[in-house]
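This note's numbering puts the first residue of the sequence shown at 515, with every later residue one more than the last.
We treat Cβ as the ideally placed atom computed from N, Cα and C, and that holds for glycine.
Written out below as structure tokens is the structure these notes cover.
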Amino acid sequence: MKKAGLRAAALFCFLLASPGWGLAGRPLLTEDAGTVETGAMEIELAFDRARDNNRDKYYIPSLQIAYGLTERIEIAAGMPYIFLHPKESGRVDGAGDLYAYLKYRVWGERDLYPALTLKPFLKFPTADENKGLGSGKTDFGLTAGFSESFMGFNLHGDGTYLVFGEKDVTDQMSLGLAGEFEIAKGINFVSEFRYGNNFNSSRKDDPASFMAGLQTEIAGALFDAGLTLGLNNAAPDYVFTVGVTLKFK
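Set out below in structure tokens:
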């Protein structure tokens with residue numbers, strides 16, 4: 515892969531394999547305003563299968579551990595393992611970048627306004643840059659998440675500003691809108707729309723995508739599955755994800 519291809523692959527892996535950037539409960543990427551219960555731990559295990567617009571394929575198992583420090587504060591860290599199958603060169607694999615975040619619920623939901631959380635996060639360059647699995651730079655950002663519930667529906671919206679450590683990569687703003695509701699006893703339908711702004715003169719490289727999925731709880735574990743479809747050439751063609759969230763206290 516050429517250097518430009520490596521950079522694109524690293525950026526794609528970073529955005530795809532970092533569930534901490536925004537999570538309203540898997541398989542959604544859009545942030546919600548909830549936090550892990552004080553003294554409780556949540557372990558998320560996931561597997562993503564994706565194909566980029568250039569036909570590169572990704573297979574990404576990942577692990578995230580979150581802990582409730584207080585009623586309003588949650589901390590978490592996670593890391594993916596990336597199997598990258600480029601269309602034009604040999605297959606590579608390796609550990610992805612380690613990420614960590616702190617999530618603070620500013621206020622809860624009220625009659626006149628939604629709940630709000632703020633989440634600063636860091637990505638550490640633990641992935642192999644030469645393999646195209648990471649950028650080799652530290653990145654950071656901030657997410658603001660909103661949640662509102664009414665008539666059996668839960669709505670979530672978020673905005674994330676992402677600062678990349680690479681000098682030749684522009685910052686990115688990501689926006690998301692998601693909803694969830696119970697379609698049958700114990701089964702939730704979830705969906706979301708996401709859009710990214712790369713802050714350049716061409717709108718052709720601003721990714722947009724739509725996701726639909728399901729959640730169900732079995733024996734205290736929350737299982738999920740979702741399918742994301744790219745709405746333009748800047749987004750991955752598809753991302754299929756399955757996962758389970760285990761809660762301990």
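(request) Evaluate the contact criterion for the segment 615-625 versus the segment 570-589: three or more CB pairs, one atom per stretch, below 8 Å. (result) yes
(request) Using three-state DSSP, classify K651 as helix, strand or coil. (result) coil
(request) Let me know if I596 comes out buried or exposed under the rule of 16 or more other beta-carbons within 10 Å of its beta-carbon. (result) buried
(request) Pick out whichever of T552, L630, G727 has its Cα sitting closest to the Cα of K761. (result) T552
(request) Provide the residue span of the beta strand (DSSP E) that contains R565, from first to last. (result) 555-565
(request) Tell me where the beta strand (DSSP E) around T730 begins and ends. (result) 722-732
(request) Could you have a look at N714 and say whether DSSP puts it in helix, strand or coil? (result) coil
(message) Taking only three categories from DSSP, how would you classify G536?
(response) With a pLDDT of 40 at G536, under the threshold of 50, the modelled position of this residue cannot be trusted; read the value that follows with caution. Three-state DSSP puts G536 in coil, outside helix and strand.
(request) Tell me where the beta strand (DSSP E) around V550 begins and ends. (result) Note, V550: premise wrong, no beta strand (DSSP E); not H, not E.
(request) Determine the direct distance from the alpha carbon of A641 to that of L612, and round the result to whole angstroms. (result) 8 Å
(request) Label T755 either buried or exposed according to how many other C-beta atoms from any shown protein chain fall within 10 Å of its C-beta, with 16 as the threshold for buried. (result) buried
(request) Please say whether G740 and A726 have beta carbons closer to each other than 8 Å? (result) yes
(message) Quick check: V704 and Q729, are their CB atoms within less than 8 Å of each other?
(response) yes
(message) Can you tell me whether D738 is helix, strand or coil according to DSSP?
(response) strand
(request) Rank L656, S661, F638, G655 by C-alpha distance to the C-alpha of R624 and give the top, closest one. (result) S661
(message) Our contact map puts T674 next to F713 with C-beta atoms below 8 Å; I'd like the distance itself, whole angstroms only.
(response) About 13 Å separates the two Cβ atoms, so there is no contact after all.
(message) So the candidates are A692, D720, H599; which of them puts its Cα closest to the Cα of R569?
(response) H599
(message) For L543 and E706, which I take to be in contact (beta-carbon distance under 8 Å), what is that distance rounded to the nearest angstrom?
(response) 7 Å
(request) Tell me whether W535 is buried or exposed, calling it buried when 16 or more other Cβ atoms sit within 10 Å of its Cβ. (result) Low confidence applies to W535: its pLDDT is 44, below 50, so where it sits in the model is not reliable, and the reading given next is rough at best. Answer is buried; the Cβ neighbour count reaches 16.
(message) Once DSSP output is grouped into helix, strand and coil, what is the label at D611?
(response) coil
(request) Using the Cα positions of P639 and Y709, report the straight-line distance between them to the nearest angstrom. (result) 25 Å
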